[in-house]
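Engineer: In UniProt numbering, the protein residues as written are 1 to 238.
Sharing a structure, written as structure tokens. Questions coming.
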Ligand code: ADP
Ligand code: MG
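Structure, rendered in structure tokens:
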């Protein structure tokens, strides 16, 4: 069960508090979009969930475990970033299998997991290529493939499409939706693109200056924005 709960989660950098005691309960297999202006604390929150950033206060639960002190590897999450550095000297297949390889999994298991991920993401024809021989969209698909081979309970995305052009972004949105339906994991998806958030998610979390303004379905957020800020950000009629 991959629920994610943030309880009074706080982050300070030195004396500067950038996440102010936020609370959020994400259901198993839910697709949550986390939106808000640049600098409001989206990436910091995601990185704390991933274990890439220490927390200053509060608690993070994944399933029935408090993961505050667990290293990233033990949290059963995968994260896909905007800058998804692939290993240039490895083939697509090697890139996708790498995390399983360093975890010491047998070759047969790695090959099977890579083949399955390649099918899911239509990468079968590209497995022997190097990253330099791929388009931007193909590279982003490999980055997602690398994330799904580990069959994580929770996927964290940090603006994964913002380096792509508009047409490719549309295409990848469809891919991500398909991916979510197939792998059945819980997703927390950070974006500053309201349209992306509205079309992909079950619920939207709107952040502003380190706190949460509203958590609701796309329809509710649009029809009944809780604050003037939300209305402005989502572009609701006022
Ligand atoms: P977002 O992803 O919503 O654009 P971030 O989570 O990256 O925002 O940043 C939130 C706030 O924390 C910003 O004010 C940012 O400048 C600050 N911040 C982020 N990382 C660091 C860091 N390593 N040291 C100091 N301040 C940071
Ligand atoms: Mg960010």
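Where a beta carbon is used, it is the ideal one built from N, C-alpha and C, also for glycine.
These numbers come from a predicted model, not from an experiment.
Nearest CA to the CA of residue 207: which residue from 75, 39, 29, 13?
Structural biologist: When only C-alpha atoms are compared, the closest one is 39.
Engineer: Short of 8 Å in beta carbon distance, which residues of its chain neighbour residue 18, apart from the five on each side in sequence? Order them along the chain.
Structural biologist: Around residue 18: 11, 12, 41, 44, 210.
Engineer: Using the beta-carbon count (16 or more within 10 Å), is residue 15 buried or exposed?
Structural biologist: Exposed is the call here.
Engineer: Thinking residue 157 and residue 187 are a contact (beta carbons under 8 Å), I'd like their distance in whole angstroms, please.
Structural biologist: Going by Cβ atoms, the distance from residue 157 to residue 187 rounds to 7 Å, so yes, they are a contact pair.
Engineer: Helix, strand or coil for residue 15 per DSSP?
Structural biologist: Three-state DSSP puts residue 15 in coil, outside helix and strand.
Engineer: Flag residue 42 as yes when its Cβ comes closer than 7 Å to any non-hydrogen atom of the ligand ZN, and as no otherwise.
Structural biologist: Within the structure as shown, the ligand ZN is missing, the only ligands being the ligand ADP and the ligand MG.
Engineer: For residue 171, count the other beta carbons within 10 Å of its own beta carbon; 16 or more makes it buried, fewer makes it exposed. Which is it?
Structural biologist: Under this definition residue 171 is an exposed residue.
Engineer: Could you spell out the range, first to last residue, of the alpha helix (DSSP H) harbouring residue 182?
Structural biologist: Residue 182 -> alpha helix (DSSP H) spans 166-183.
Engineer: Given this structure, state the Cα-to-Cα distance separating residue 72 from residue 79, to the nearest angstrom.
Structural biologist: Their Cα atoms are separated by approximately 10 Å.
Engineer: Counting C-beta neighbours from all protein chains within 10 Å, is the total for residue 8 16 or more, i.e. buried, or is it exposed?
Structural biologist: Exposed is the call here.
Engineer: Are residue 145 and residue 117 close, meaning C-beta to C-beta below 8 Å?
Structural biologist: It is a contact, given that the beta carbons lie within the stated cut-off.
Engineer: From what residue to what residue does the alpha helix (DSSP H) around residue 120 run?
Structural biologist: Where residue 120 is concerned, the enclosing alpha helix (DSSP H) stretches over 107-120.
Engineer: Bridge partners of residue 59, per DSSP?
Structural biologist: Its beta-bridge partners are 7.
Engineer: Quick one, are the C-beta atoms of residue 92 and residue 35 less than 8 Å apart?
Structural biologist: No; because the gap between Cβ atoms is not below 8 Å, this pair is not in contact.
Engineer: Let me know if residue 95 comes out buried or exposed under the rule of 16 or more other beta-carbons within 10 Å of its beta-carbon.
Structural biologist: Per the 10 Å Cβ criterion, buried.
Engineer: Measure the Cβ-Cβ separation of residue 110 and residue 126 and say whether it is below 8 Å.
Structural biologist: Cβ atoms of residue 110 and residue 126: not closer than 8 Å.
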